[in-house]
Amino acid sequence: VLNAAATLTTVAVGHPKSIRVKNRVLSQAFKRLDIAKPPRHDSHVLAEMYEGLVGFAYLDLGISFESLTSNLLKQIKNGHKEEEVYTEFLKTLFEEVKRKV
Numbered sequence: 001v002l003n004a005a006a007t008l009t010t011v012a013v014g015h016p017k018s019i020r021v022k023n024r025v026l027s028q029a030f031k032r033l034d035i036a037k038p039p040r041h042d043s044h045v046l047a048e049m050y051e052g053l054v055g056f057a058y059l060d061l062g063i064s065f066e067s068l069t070s071n072l073l074k075q076i077k078n079g080h081k082e083e084e085v086y087t088e089f090l091k092t093l094f095e096e097v098k099r100k101v
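Note that UniProt numbering has the sequence shown beginning at 1, numbered continuously upward.
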């Protein structure tokens, strides 16, 4: 779900291409927000947790694909670097999930 949303943002900005967000980028987002406990998870586990949270939000909580995509697009248009984009996206998504659970 996350990679599909990331790919759709490239269409919206006029440069369509297939995106696979790197595990390193996703795991860094978790580390920056300090929401993964215990803190010594490896990068692969943190990336899977990130992708799982996105899937849970979409499939179980009904957070729309459009909402996911627009959230990512807003971060990209603000000129954030890739790591910042996915950190801010995770922060926003985490808050939205907490409100709905």
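Heads up, the beta-carbon is just placed ideally off N, CA and C, and yes, glycines get one too. Quick caveat: nothing in here was measured; it's all calculated off a predicted structure.
Start and end residues, alpha helix (DSSP H) containing residue i
i, result
"Gly52", "43-59"
"Arg32", "23-33"
"Ile76", "65-77"
"Lys100", "82-100"
Cut-off 7 Å between Cβ atoms - residues of its own chain near residue i, not counting five sequence neighbours on either side
i, result
"Tyr58", "Val1, Phe65, Leu68"
"Pro16", "Thr10"
"Ala6", "Ile19, Val21, Leu72"
"Val85", "Leu72, Gln75, Ile76"
"Asn23", "Ser43, His44, Ala47"
Cutoff 8 Å; reference residue i; Cβ partners in own chain excluding five residues on either side
i, result
"Val101", "Leu61"
"Leu33", "Thr87, Leu90, Lys91, Phe94"
Member of the options whose CA lies at the smallest distance from the CA of residue i
i, options, result
"Val54", "Thr87, Asn78, Ala12", "Thr87"
"Ala12", "Glu84, Ile35, Ile76", "Ile76"
"Glu83", "Ala4, Val25, Asn3, Lys31", "Val25"
Own chain partners of residue i with C-beta closer than 6 Å, once the 5 adjacent residues on each side are dropped
i, result
"Asn71", "Phe89, Thr92"
"Val97", "Ala57"
"Leu8", "Thr69"
"Ser27", "Ser43, Leu46, Ala47"
For residue i, three-class secondary structure by DSSP
i, result
"Arg20", "coil"
"Val11", "helix"
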